[in-house]
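Student: The sequence shown begins at 3 in this note's numbering and counts up by one.
All C-beta atoms, glycine included, are put in the ideal place defined by N, C-alpha and C.
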Amino acid sequence: MTVLRMDNVAIVVADLDAAVAFFTELGMELENKAQIEGVWADRTVGLDGIRSEIAMMRTPDGHSKLELTTYHAPALSGAGAENPPPNTLGLHRVMFAVDDLDDTVARLRGHGAELLGEVVRYQDTFLLCYLRGPAGVIVALAEQIG
Numbered sequence: 003m004t005v006l007r008m009d010n011v012a013i014v015v016a017d018l019d020a021a022v023a024f025f026t027e028l029g030m031e032l033e034n035k036a037q038i039e040g041v042w043a044d045r046t047v048g049l050d051g052i053r054s055e056i057a058m059m060r061t062p063d064g065h066s067k068l069e070l071t072t073y074h075a076p077a078l079s080g081a082g083a084e085n086p087p088p089n090t091l092g093l094h095r096v097m098f099a100v101d102d103l104d105d106t107v108a109r110l111r112g113h114g115a116e117l118l119g120e121v122v123r124y125q126d127t128f129l130l131c132y133l134r135g136p137a138g139v140i141v142a143l144a145e146q147i148g
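1. Report the residue from 75, 49, 140, 124 whose alpha carbon sits nearest the alpha carbon of residue 146.
2. Which class does residue 32 belong to by DSSP, given the choice of helix, strand or coil?
3. Counting only the same chain and skipping the five closest in sequence on each side, list residues whose C-beta sits under 6 Å from that of residue 35.
4. Which class does residue 57 belong to by DSSP, given the choice of helix, strand or coil?
5. At what residues does the alpha helix (DSSP H) containing residue 111 begin and finish?
6. Decide if residue 30 is buried, meaning its Cβ has at least 16 other Cβ atoms within 10 Å, or exposed.
7. Which residues does DSSP pair with residue 97 in a beta bridge?
8. Just how far apart, CA to CA, sit residue 52 and residue 77?
9. Less than 7 Å between the beta carbons of residue 100 and residue 129, yes or no?
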């Protein structure tokens, strides 16, 4: 048996609309929104009394998706550091290929994004940067230049 595909990566956010706006500005498309609740959701996730809303975002090529989730119940957990550094154990970064890195960074700053370091050139191949996105998630951007 093998994996058929990676379906999506989920990010839990406090403000779903702001997160949708951030990833829309990046160039992703809102596929759908849904309310999630009920015994099946409780049993799947392992929490009681789940009431959440999700927004499924997809890349323009249709191959990758982000599931943005906000929980109305139970209350959001604030476990761990608010903005963990890039070398923290666990899932914390998602990377996107973009066609104009400087323009993308400028547009995302309007949605609260902050560069963690700076835009750098890797050999004659890529421009790269890390920035902080919704819910403190690190969003890496790469523009192929060579």
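Tutor: On the basis of the coordinates in this document:
1. Ranking the options by Cα distance to residue 146, first place goes to 124.
2. Looking at residue 32 - three-state DSSP - the assignment turns out to be strand.
3. Answer for residue 35: 57, listed in chain order.
4. DSSP places residue 57 in the strand class (E or B) of the three-state scheme.
5. That run of the alpha helix (DSSP H) goes 103 to 111.
6. By the neighbour-count rule (16 or more Cβ atoms within 10 Å), residue 30 is buried.
7. The partner list for residue 97 (beta bridge, DSSP) reads 142.
8. Residue 52 and residue 77: Cα-Cα distance of roughly 9 Å.
9. The Cβ atoms of residue 100 and residue 129 lie no closer than 7 Å to each other.
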